[in-house]
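In the working numbering, the protein residues as written are 45 to 263.
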């Protein structure tokens, strides 16, 4: 029993270390690749590195049946309230970004926007919420607090992307990520599921990315 406990501690330690490594890897990618490959190719390559890292480490981290993570939670007052709260960031992004940008987007840009929102929203919720709660269950520190904080910190890497500007600057991007990480992380932690946060995340990305796309590639 002692050796098994020690093995579990070592596995948890290595998993936490691998999670922390995402910060320097993505910071270097977003800062240097746009300079080496050009803004568009470098930015996309940086996100691809991030997505692949999240998928590979998420699959190594997760435990149990993935299908359960995407099951609809039981219908009760707590889950209904959490569902509504999950979509608060989407409402904010709609008014702050999408309303100002949608009339400058054509059908091709809408397709790119939808694809980016879908891929990023799904992968991020699988990793930052799903993999951690499937591994650590009701351990509030490792299933909720740690990934929520790290989710906010990783957006510093996004902010460091060379040649990319963000509406409002550092605080809305990184501060908003901390808020959303806590909101979606708490929902996933309480429900032990990620369906509601995933849907909310995809919609929020769709609205928020419209401003990013217009500010950096249209205007």
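C-beta atoms are modelled at their ideal positions from N, C-alpha and C, and glycine is treated no differently.
Note that this is a predicted model, so its numbers are computed, not measured.
- In this structure residue 58 is not in contact with residue 105, their Cβ atoms being roughly 10 angstroms apart against a cut-off of 8 angstroms.
- Taking a contact to require three or more Cβ pairs closer than 8 angstroms, the region 114 to 134 and the region 239 to 257 qualify as touching.
- Using a Cβ distance threshold of 8 angstroms, residue 93 and residue 198 do not count as a contacting pair.
- Residue state for residue 120 is assigned as coil, using DSSP reduced to three classes.
- Taking C-beta atoms under 8 angstroms as the contact rule, residue 247 and residue 63 fail to qualify, at a distance of about 26 angstroms.
- Excluding the 5 residues flanking it on each side, residue 179 has same chain C-beta neighbours closer than 8 angstroms at 59, 105, 106, 107, 186, 187, in chain order.
- When Cβ pairs closer than 8 angstroms are counted between the two stretches, the region 144 to 157 is seen not to touch the region 229 to 243, the count staying below three.
- Counting only residues of its own chain and dropping the five nearest sequence neighbours on each side, residue 101 has a CB closer than 6 angstroms to the CB of 62.
- Collapsing the DSSP output to three states places residue 231 in a helix.
- In this structure, residue 74 lies near residue 205, with their beta-carbon atoms less than 8 angstroms apart.
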